[in-house]
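Sequence order for the protein chains is A and B. Position in the first sequence (from 1) plus 106 gives the number in the working numbering. Position in the second sequence (from 1) plus 106 gives the number in the working numbering. For each residue, glycine too, the CB sits at the ideal point set by N, CA and C. Since the model is a prediction, treat every value here as computed from it, not as a measurement.
There are 2 protein chains.
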Amino acid sequence: MKRKTISIKDVARESGASLTTVSLVLNDRDQRISPATRQRVLQAVDRLGYRPNRLAQGLQSQKSGLIAILVPQLRHAFADAYFGELISAIHDHASEVGYKILLEVARPEFIKSNQHQELFDRHFVDGILCCGVTNKDAYLKEFAGAGKAVVVVNNYLPAFKLNHVCCDYKAAGRMAGEYLLSLGHRRIGLIHGAHEVQTSLDLQRGFEEALHTGGVKLPASMVEDGLYTEEGGEAAAKRLLKRNPGATAILAGNDKMAIGAITGLKDTGHRVPEDVSVVGCDDMHQAGYCDPPLTTVHTPIYELGKRACERLMDLIRGRVEIVEEIHPVNMTYRKSASPPKPE
Amino acid sequence: MKRKTISIKDVARESGASLTTVSLVLNDRDQRISPATRQRVLQAVDRLGYRPNRLAQGLQSQKSGLIAILVPQLRHAFADAYFGELISAIHDHASEVGYKILLEVARPEFIKSNQHQELFDRHFVDGILCCGVTNKDAYLKEFAGAGKAVVVVNNYLPAFKLNHVCCDYKAAGRMAGEYLLSLGHRRIGLIHGAHEVQTSLDLQRGFEEALHTGGVKLPASMVEDGLYTEEGGEAAAKRLLKRNPGATAILAGNDKMAIGAITGLKDTGHRVPEDVSVVGCDDMHQAGYCDPPLTTVHTPIYELGKRACERLMDLIRGRVEIVEEIHPVNMTYRKSASPPKPE
DNA sequence: CGCCTCTGGTAAAACGTTTTACACGTCAAA
DNA sequence: TTTGACGTGTAAAACGTTTTACCAGAGGCG
């Protein structure tokens, strides 16, 4: 009882119409089909349970109906709240517009064997969303310039002209800096993510500018690398306070590092925020549930993923040539930052 | 300069051979091709940068080269260590054998509009791996019986005959029970995940059997639902100890709940393991890094994902009709369980 | 010399769609 | 009555592969 796959031809036979007619009905292509014929065709489709073959459609239309999400090969990229949020957003929006998503990990072998190119060349996907890229991802150059339906999500590369939609991390740094200054802090540290990530640099730059405007310096001894992880943030906070026992506030480049920093601070006998204020960046779900709840720069990650997906669709449909979007951010005030204690 | 897509036809022209010859060379289909011709064809391929079109290949071979991973619509399924591990494993193995993966979320609309069926009917994918299913997922019935390349990952449904590869959760429960008994515990509680998940029931059953054999009962008052989450585990532990102040040990159905339970216990003034021992299940990465490090039942999740993928390939290639695999588990001893304190 | 087999190769069908170009009325206007 | 326009429908080409069936020539053999 191998149910042979039923094709449009079977529907044609069953309904007594021609191939073309069936296709026209199914795609609402023309009003030319009389209601009676239309009816017959639709009934036949129903009776047979016909479903068009995507491969054939794709071959004809030169579209696969898929987009790829390219994520970096991190220890646990698929178990990360940040990437999870992004993937959810992309999946949600893509399904809405009838697209499906392919998951790819940008491993060295993957890139080296040019599979990122093949995704296009072999007609696997109609577009690619690149998440978690760094300035070291040289292969992105091959996607540069107009014409390729590729969007970098929440980052960009200064070296190449790539489509991107990104949060305003410079503003994020500035806002955090201004806020800490306004609370009265003067000895402020920074735990950044990684210097090969452009947004991390932007955050630092914005932060420095704000401090500078307020007459405060950010010496190198007050800057630590937290590797974007909780453990990294914890270690960085400990190093930072060891070198600068007088520090009263820290900005962390993401919430994970901020939470790690809080752990580290508590661990070394500092109260948060009484002794040291901590400000994060992201505003992930968990930011509201740690102790103390995290004051953080809210970056609209879900929204961003959605927009990136929308813009990618625009590129695919040829409605647009270039995508360069910067999204505003804003502060979320909770409990992890307060004025410094009086000396 | 719209680079027209180059087809096998172009290669044929360029190399002076016929369509068929090119195809034969490319697929190593026959030894009949002379080395000279072969050479010419390969050079042409190289010169033109030809890449076969997957859609055309798929149409011809009736294979899409894709498999779908179906995950449940959880709060943050894509940010969960358990699913992350599974997805990584599947992705790794699938890439190895030249398959790509499609990500799908089993939302109610998705199921209601029969898109899970369409994945097959419309030739989107050659097979499906279902993760995180529960006994309530009635739609799985449509995948039951032989013939469909569908594998349930790390669970199974007693109601339907479905392909599955699963850890031995009954043994897990038994081992944890025996271990706690061997330490000398007598008043032992359980925090399970959800009663609509078969493996959760199995774990409980194995646990009860072990306790029973040791002459210990597991009264209903000692069983709480932890919802598979940290927060749930924390609340469950608190409820459990409130109702049973004399409890000296708890088994949690997964590591997240176990870690939550530890938090809850500490929070209410219990030391772990001195006052209350806690045993988890999963052995996720974080289990080794919490405080105290978690004694837990090791379930080989990565390995399991890989095997599930392998078995799915067997189904797709028709090498096998039915898949039913149970994987053994074992204890990982760390610091969260110890003998109860003497009265 | 006629027949057979082997070697290297090709033409054409098939996969299941969409789209383009044409065909066959019928009916109104010229 | 012709002409053209319209309404309804269809045959055939195209998308890019793989596969099946066939062919031409060369050499071996009786």
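Nearest-angstrom Cα separation, counted from residue j out to residue i
i	j	result
K108 (chain A)	K254 (chain B)	Only weak support is given to the placement of K108 (chain A): the predicted model assigns it a pLDDT of 45, under 50, and the value that follows is read from those uncertain coordinates. If you take the alpha carbons of K108 (chain A) and K254 (chain B), they lie about 11 Å apart.
L418 (chain B)	R280 (chain A)	51 Å
A393 (chain A)	A185 (chain A)	17 Å
T304 (chain B)	K276 (chain B)	At residue 304 (chain B) the sequence reads Gln, which differs from the Thr that was named. Distance between the alpha carbons of Q304 (chain B) and K276 (chain B) is about 10 Å.
N261 (chain B)	H270 (chain B)	7 Å
T143 (chain B)	L130 (chain A)	45 Å
I407 (chain B)	R413 (chain B)	10 Å
E337 (chain B)	A342 (chain A)	28 Å
C237 (chain A)	V329 (chain A)	26 Å
R160 (chain B)	L333 (chain B)	43 Å
S444 (chain B)	I368 (chain A)	30 Å
N350 (chain B)	L357 (chain B)	15 Å
I114 (chain B)	G366 (chain B)	59 Å
V179 (chain B)	I139 (chain B)	Looking at the sequence provided, one finds Gln at residue 179 (chain B) rather than Val. Rounded to whole angstroms, Q179 (chain B) to I139 (chain B) spans 52 Å at the Cα level.
Assigned secondary structure, residue i (DSSP; H/G/I helix, E/B strand, else coil)
i	result
T143 (chain B)	helix
T305 (chain A)	helix
N159 (chain A)	coil
M419 (chain A)	helix
T127 (chain B)	helix
N269 (chain B)	coil
M363 (chain B)	helix
S113 (chain A)	coil
E427 (chain A)	coil
E248 (chain A)	helix
C-beta neighbour in chain B for residue i, strict 7 Å
i	result
N220 (chain A)	no
L410 (chain A)	no
R160 (chain A)	yes
A150 (chain A)	no
L194 (chain A)	Looking at the sequence itself, residue 194 (chain A) is Ser, so the reference to Leu does not match. S194 (chain A) counts as touching chain B.
D388 (chain A)	no
E224 (chain A)	yes
D116 (chain A)	no
R153 (chain A)	no
Environment of residue i [buried if 16+ CB atoms lie within 10 Å]
i	result
L125 (chain A)	exposed
Y395 (chain A)	exposed
P446 (chain B)	buried
A252 (chain A)	exposed
D397 (chain B)	exposed
N436 (chain A)	exposed
A326 (chain A)	exposed
I234 (chain B)	buried
Q310 (chain B)	buried
A353 (chain A)	buried
G370 (chain B)	buried
P214 (chain B)	exposed
E210 (chain A)	buried
Residue j beta carbon less than 7 Å from that of residue i
i	j	result
A355 (chain A)	H291 (chain A)	yes
I217 (chain A)	I196 (chain A)	no
G359 (chain B)	F313 (chain B)	no
L346 (chain B)	G295 (chain B)	yes
A244 (chain B)	L268 (chain B)	no
R440 (chain B)	L410 (chain B)	no
D361 (chain B)	T402 (chain B)	yes
D232 (chain A)	I422 (chain A)	yes
A162 (chain A)	V117 (chain A)	no
I207 (chain B)	Y156 (chain B)	no
V378 (chain B)	S306 (chain B)	no
H391 (chain B)	V382 (chain B)	no
Proximity test, Cβ basis, 7 Å: residue i and chain A
i	result
H376 (chain B)	no
R184 (chain B)	Here residue 184 (chain B) turns out to be Phe, not Arg, going by the sequence shown. With 7 Å as the cut-off, F184 (chain B) counts as an interface residue toward chain A.
V190 (chain B)	Note that residue 190 (chain B) corresponds to Gly in the displayed sequence, not to Val. By this cut-off, G190 (chain B) is an interface position.
G164 (chain B)	yes
D136 (chain B)	no
A393 (chain B)	no
A187 (chain B)	yes
F230 (chain B)	yes
L208 (chain B)	yes
K441 (chain B)	no
R425 (chain B)	no
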